[in-house]
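Below: the structure, in structure tokens.
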């Protein structure tokens, strides 16, 4: 928690207890279906820029295009316009916005500082903020100074965004987002809330970094994975394109309900979210390497505030040969939740649990799925976690992906290039070409 608060401020992922509950109460209505319906036109505005950028490269002949690059830019602009009422990218050939480089560099840079990160709980309360900053500035480490630079840039941008909206008519229709973006709605609701329920300026600013960081690399990774799978499975791609084209030929740009009513599109996304998640592990302050699917979520992303008993979904055999049905976990200890293992448990999902089969979502799921009591917020999966610290924007993310997929598949066909792809585990799972560590996903793209 000390680490998250340092990087992202006092937003949702950097707060605990009553402060977190207050923020969640304020933000839950902002992510409701009623408000999500209003951001769909913004999604199309951004996605058509992506389509035109790809079209400019493809023209008449199939061409290899680095799609992860474009999905990263698209994900940032989607959350920028629909989340913040702010544009980061014109999709031209100019240099990327410094913020986009900062959020991509933060994870890899921090991962090189794990030894120092372990000291944060002991030094985060040392002296005044000015003293701690002066202390950090004297650490002779290029990586530490890079983190300082990245966090400063993210914080400065967040202040700029919030300040510009507070100093203007945030709901003006001629602004980016047309007053329908999440930040405009949040600021309006915050101003109308009772004094005790209002978020401070520091908390509002913390939401900016939280929104962008949580919604950019994860969405980019998910879209990249989906299109890689569609390139590997042309039969699925063709079936999905047929469903999309029938709907779009009939209705044009599909709204919230129409997108939600495309069963095969929904199945492709659900199956990808089940089998190929963007974040592999969730670490919480408990201390066992055992997975207990029933009740883990109430502890996710936070410290265990008291001694906890975790009931197991099925007993395990102890060293003395007796069955163990629950685990006692002391206050303040840590557990790693292996999201993929829960999502692909053959006892829950069947013998084909490791196979990517969108069709499984078009028929009733096995009874073992519902009886497993997986506490995830989305489709009996742990992908978006659950409980009070579940991903608040999971519906927002699904909607983004549906718009991007529907627009691109109507215009283009995707196939594998001659380059072998490997997927790398990190803070967010990313692809690269074998023999090259740089994250990228080259795919052959042809105009339809």
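Residue numbers (the numbering used here): 367 to 814. Note that the Cβ used here is the ideal one computed from N, Cα and C, for glycine as well.
Beta bridge counterpart(s) of residue 436 as assigned by DSSP: Sequence index remark: in the chain shown, residue 436 carries index 70 (1-based). Answer by DSSP bridge pairing: none, since residue 436 is not bridged.
Sequence ranges, alpha helix (DSSP H) only - wholly within the region 453-537, length at least 4: 464-477, 480-483, 486-489, 495-503 and 508-532
Beta-carbon spacing of residue 424, residue 778 below 8 Å: Numbered from 1 along the chain shown, position 58 holds the residue referred to as residue 424. Numbered from 1 along the chain shown, position 412 holds the residue referred to as residue 778. Contact: yes.
Whole-Å CB distance - residue 709 paired with residue 641, under 8 Å assumed: Here residue 709 refers to the residue found at position 343 of the chain shown. Here residue 641 refers to the residue found at position 275 of the chain shown. Their Cβ separation, rounded to whole angstroms, is 7 Å, which keeps residue 709 and residue 641 in contact under 8 Å.
Beta-carbon proximity check, residue 441 vs residue 534, cutoff 8 Å: Position 75 of the chain shown, counting from 1, holds the residue named residue 441. Position 168 of the chain shown, counting from 1, holds the residue named residue 534. For residue 441 and residue 534, no; Cβs fall outside 8 Å.
3 or more residues per run - each beta strand (DSSP E) lying fully within the region 782-813: 787-790, 796-799 and 808-813
Under 8 Å between C-beta atoms of residue 800 and residue 428: Taking the chain shown and counting its residues from 1, the one referred to as residue 800 is at position 434. Taking the chain shown and counting its residues from 1, the one referred to as residue 428 is at position 62. Contact: no.
Pick from 739, 606, 802 and 808 that is closest to residue 771, judged by C-alpha positions: Taking the first residue of the chain shown as 1, we reach residue 771 at position 405. Checked all of 739, 606, 802 and 808; the closest Cα to residue 771 is 606.
Same chain only: Cβ atoms within 7 Å of residue 752, ignoring 5 sequence neighbours per side: Numbered from 1 along the chain shown, position 386 holds the residue referred to as residue 752. 663, 741, 742 and 743.
Alpha-carbon to alpha-carbon, residue 480 and residue 414: What you label residue 414 is simply residue 48 of the chain shown in a count that begins at 1. What you label residue 480 is simply residue 114 of the chain shown in a count that begins at 1. Going by the C-alpha atoms only, they are around 40 Å apart.
Exposure of residue 572, with buried meaning 16 or more beta-carbon neighbours within 10 Å: In the chain shown, the residue the question calls residue 572 occupies position 206. Label assigned to residue 572: buried.
Residues bridged to residue 780 [DSSP beta-bridge criterion]: Here residue 780 refers to the residue found at position 414 of the chain shown. In the DSSP output, where bridge partners are listed per residue, residue 780 has 811.
Residues of its chain near residue 611, where Cβ-Cβ distance is below 7 Å and the 5 sequence neighbours each way are ignored: Locating residue 611 in the chain shown gives position 245, counting from the first residue. Only 776 meet the Cβ criterion.
C-alpha distance - residue 635 paired with residue 433, whole-angstrom precision: Your numbering for residue 635 matches position 269 in the chain shown. Your numbering for residue 433 matches position 67 in the chain shown. Answer to the nearest angstrom: the Cα atoms are 18 Å apart.
Inter-residue CB distance, residue 782 and residue 597 (contact presumed, cutoff 8 Å): In the chain shown, counting from the first residue as 1, residue 782 sits at position 416. In the chain shown, counting from the first residue as 1, residue 597 sits at position 231. 5 Å between Cβ atoms; contact.
CA-to-CA distance, residue 384 to residue 562, given in whole angstroms: By one-based count along the chain shown, residue 562 stands at place 196. By one-based count along the chain shown, residue 384 stands at place 18. If I take the Cα positions, the gap works out to 12 Å.
Pairwise C-alpha distance: residue 565 and residue 785: In the chain shown, counting from the first residue as 1, residue 785 sits at position 419. In the chain shown, counting from the first residue as 1, residue 565 sits at position 199. Using only the alpha carbons, I get a separation of about 49 Å.
DSSP three-state assignment for residue 619, whether helix, strand or coil: As a position in the chain shown, residue 619 is number 253, starting the count at 1. In this structure, residue 619 counts as coil in the three-state DSSP scheme.
Beta-carbon separation (whole angstroms), residue 763 vs residue 581, contact threshold 8 Å: Along the chain shown, read from residue 1 onward, the residue named residue 763 stands at position 397. Along the chain shown, read from residue 1 onward, the residue named residue 581 stands at position 215. Right, their Cβ atoms sit about 7 Å apart.
For residue 689, the residue or residues it bridges with in DSSP: Along the chain shown, one-based indexing puts residue 689 at 323. Beta-bridge pairing links residue 689 to 683.
Outcome for residue 672 when other beta-carbon atoms lying within 10 angstroms are tallied against a minimum of 16: Here residue 672 refers to the residue found at position 306 when the chain shown is read from its first residue. Under this definition residue 672 is an exposed residue.
Cβ-based burial, residue 402 [other Cβ within 10 Å; buried from 16]: Position 36 of the chain shown, counted from the first residue, corresponds to residue 402. Classification for residue 402: buried.
Three-state class that DSSP yields for residue 733 in the structure shown: Locating residue 733 in the chain shown gives position 367, counting from the first residue. Three-state result, residue 733: helix.
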